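This report refers to the structure that appears directly beneath it.
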Amino acid sequence: SVVLAGNAYHRLERKALKGKLFPASLGIVTTAPLSREQQAAINPQDLAVYDTRFVLDYYRLTADGRLLFGGGANYSGQDSADIGAELRPRLEHTFPQLKGIALDYQWQGKAGIVINRIPQLGKLSPNVFYAQGYSGHGIATSHIVGNIMARAVSGQLEEFDLFADMRHWRIPVSERLGNGLLAAGMWYYQLREKLR
């Protein structure tokens, strides 16, 4: 059996999977090390945190005392020219006491976004499986899905079938147009949240 699990990066079976997943660029910044007092003030329980907005932000402290802050996805599919400049206002809005702090590291990568935010598992033929569409939650979700896929390949299909039977929207357009539609939809939800 073969498992296609490249999420936003795989380009195999493009025709069969077209319109099911659209890549979004997600970014993360890491601050200069914080003092113990700053760490205790912004995250006293040392938890991984995300907010409840539709286009969410998330953060946690690193082992060396930095704030790792991410979010503000670019749903157009294009990478940002300067993810630090994009995320700094959100970081400083959440933590005004960190205004002007140095951002020592920044990076971005693609996430596979699906309309209903439920991972897509399926078969393209009896021995070709696929798993994709973690919608920005891939670090935790891909480990769970990996176990489900391993069992499915060995013939244990009960959990796999629960996901494979889910109804997913397919937008039969090019990736570029699909990303434009996705960006417009996300802009709508961001505007709605600001107006509440």
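full-length UniProt numbering puts the first residue of the sequence shown at 1, with every later residue one more than the last.
Think of the CB as a built atom: it goes at the ideal place given N, C-alpha and C, for glycine as much as any other residue.
If you're wondering where the values come from, they're calculated on a predicted model, not measured in any experiment.
Residues of its chain near D79, where Cβ-Cβ distance is below 7 Å and the 5 sequence neighbours each way are ignored: S25, Q108
Rounded to whole angstroms, what is the Cα-Cα separation between Q190 and R90? 13 Å
Measuring CB atoms only, is the stretch 54 to 73 touching the stretch 139 to 158, in the sense that at least three cross pairs come out at less than 8 Å? no
Please classify V29: is it buried, with 16 or more other beta-carbons within 10 angstroms of its beta-carbon, or exposed? Counting Cβ neighbours within 10 Å, V29 comes out buried, since at least 16 surround it.
So N179 packs on S76, CB below 8 Å; how close in whole Å? 5 Å
Count the other C-beta atoms from every protein chain shown that fall within 10 angstroms of the C-beta of F160, then say buried if there are 16 or more, exposed otherwise. buried
Which full runs of the alpha helix (DSSP H) of 4+ residues lie inside the stretch 2 to 85, going along the chain? 14 to 17, 36 to 42
Is K123 closer than 9 Å to A164 when the C-beta atoms are compared? Against a cut-off of 9 Å, the Cβ pair of K123 and A164 comes out as a contact.
Best match in G71, Q38, I42 for proximity to Y50 [C-alpha to C-alpha]: G71
Please check the pair I113 and S135, which I expect to be a contact at CB under 8 Å, by giving their CB distance rounded to whole angstroms. Correct: roughly 5 Å between the Cβ atoms.
Could you tell me the alpha carbon to alpha carbon distance between H93 and A81, rounded to whole angstroms? 21 Å
Looking at the unbroken beta strand (DSSP E) that takes in V153, where does it start and where does it end? Looking at the DSSP string, V153 is not in any beta strand (DSSP E); the run it does join, the alpha helix (DSSP H), is 138 to 153.
Taking a contact to mean a Cβ-Cβ separation below 9 Å, would you say A32 touches A102 in this structure? yes
Coarse secondary structure for D104, derived from DSSP in three states: strand
Suppose the cutoff is 6 Å on Cβ atoms and the five residues either side in sequence are ignored; what does the same chain contact list for I118 look like? M166
Note down, in chain order, each residue of its chain lying with its Cβ closer than 6 Å to the Cβ of L43, except the 5 sequence neighbours on either side. The question names Leu, but residue 43 is Asn in the sequence shown. Excluding positions up to five away in sequence, the list reads L61.
Reference V128, options Q45, E13, L98, L21, closest by Cα: When each option's Cα is compared against that of V128, the closest is E13.
Look up F160 in the DSSP assignment and say whether it is helix, strand or coil. In the structure shown, F160 falls within a helical segment according to DSSP collapsed to helix, strand and coil.
Helix, strand or coil for K99 per DSSP? coil
Give a yes or no on whether the C-beta atoms belonging to G138 and N7 are separated by under 9 Å. Result yes, Cβ atoms of G138 and N7 sit closer than 9 Å.
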